Amino acid sequence: MTTGVALTLTLVMLLVMDFGAEREVTDSAATSSAQPEPPPSQPSDPTSAVPAPSQLPAWMRKLAVGEKPPQFVLFSFDGAASKKHWDRVLPLARRNNAHVTGLLSGVYLVPDEEKDTYLGPGHPRGRSSIGFGGSRQDVAERVQYLNTAIEAGHEIGTHYNGHFCRGDEPSVGRWNTEHWKAELDAFKAILDKARAAGLKLPEETIRGGRTPCLEGDWQKAFPAMASHGLVYDTSHVSLGVQWPSIQNGLWEFPMPEVRVPALGRRVVMMDYNFWYVLNGAREEPARAAEFSRIVVDTYRSVYQAALAGNRAPVVIGNHFNEWSGSAFSNAMEQYLGEVCGQAETVCATYTEVIQWMTLQDPAVLRQLQQLPAALN
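First residue of the sequence shown: 650, per this note's numbering; consecutive thereafter.
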């Protein structure tokens, strides 16, 4: 089963350059008409591939009878390859006892001169919609700051490689299972080579990811993901904030479609989607403060709805970007600093939430999954 999603806007791709080598591309249409579905049956248990936590913070425990779960907030970043943004996020997360998830595009670990080593399914060798990693020195420096993030307890997942979205055919939405397996094989080969050059990212810690532009035929994609050891995905869209559930053998952490109070419109809660509904994704740096305020107010509204409602993890999707005067990066950083210190709140990685769910009584977890979606 998958969450029903009808994308109502044409996918728009925007290439953003960062120091000439680190590039990000937008994901998903700005709005959708997702409808909530009941949790599906659970045909398999992907939690068996997730080890118990090595450290036990106070919240990492089984709930007492009648106790409410923590309010989890998951900050994640597609691409995850910008040093100057990691340099901003890492100290902020440390001060607020937060962990985040970087969803790495594998091509950012491939030097430009080695681009022909990558073959995207159905595409010419050496082609990627988001370019490659720049110089060998750029890639070497990227390995070092990714190591810094990993050592600080942050999670690295996959954003796959070539970022082939609708209109760049064959796009990931048209791939079959063998295509997805080939893309994951390529991601593994890229990371194996990076490990040989010093990347401290064990293969088994890559446990999930988000597909480019939130696209995919899930009946074909999920078997490939599971066969490559992935245990979660965060690419579906749900109406409101819902608890993760097992779909096709993987934990699905859906991206919530939420209401923007300032606009009275719904949007998938990702930075680019906010930008698109605010002004059609046009560069207006003079409006940065206005845009940041609207986004932070939306985050607050969604958080309060979840906190007072089903307590489902709030999934906040971002890129490392400087769109419209860094309006959306500023909003994310402001809200991370604000929310992660609140009582009963845990800013965690996807793996940490899975570890917490594994500790719970299965009947209690089913009850949580059956609660109505939190709508702001």
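Virtual Cβ for every residue (Gly too), placed ideally from N, Cα, C.
All values reported here derive from a predicted model rather than from experimental measurement.
DSSP places N745 outside both helix and strand once states are collapsed to three, so it counts as coil. Straight through space, the alpha carbons of A957 and E716 are spaced by roughly 14 Å. Counting only runs that start and end inside the region 863-904, the alpha helix (DSSP H) elements of at least 4 residues fall at 867-876.
Between the region 867-874 and the region 824-834, the count of C-beta pairs closer than 8 Å reaches three or more; the two stretches touch.
If you draw a 10 Å sphere on the C-beta of L888, you find 16 or more other C-beta atoms in it, and that means buried. It is roughly 8 Å from the alpha-carbon of G780 to the alpha-carbon of G811. Nearest neighbour of H968 by Cα position, chosen from P934, A729, L705, turns out to be A729. Inclusion of D727 and L705 in the CB contact set at 8 Å is not warranted, their separation being larger than that value. Judged by DSSP in its simplified three-state form, Q1019 adopts coil rather than helix or strand. Here the alpha carbon of G755 sits roughly 10 Å from the alpha carbon of Y767. For the beta strand (DSSP E) assignment, the region 806-848 encloses no uninterrupted run of at least 3 residues. If you keep only unbroken beta strand (DSSP E) runs of at least 3 residues inside the region 908-971, you get 914-917, 963-968.
In chain order, E982 place their CB closer than 7 Å to the CB of R737, counting only its own chain and leaving out the 5 sequence neighbours on each side. If you look at V1002, you'll find it in the alpha helix (DSSP H) that goes 999-1008. In the three-state reduction of the DSSP assignment, R859 falls in the coil class, being assigned neither a helical nor a strand state.
For Q720, the uninterrupted beta strand (DSSP E) run begins and ends at 720-728, by DSSP. By the Cβ rule, the region 917-927 counts as touching the region 938-946, because three or more pairs are nearer than 8 Å. Per DSSP, V714 is not a residue of any beta strand (DSSP E), being assigned neither H nor E. The residues R915, N1025, in chain order, have a CB closer than 6 Å to that of R908 in the same chain once the five nearest residues on each side in sequence are set aside.
In the DSSP assignment, L705 falls outside any alpha helix (DSSP H) and carries neither an H nor an E.
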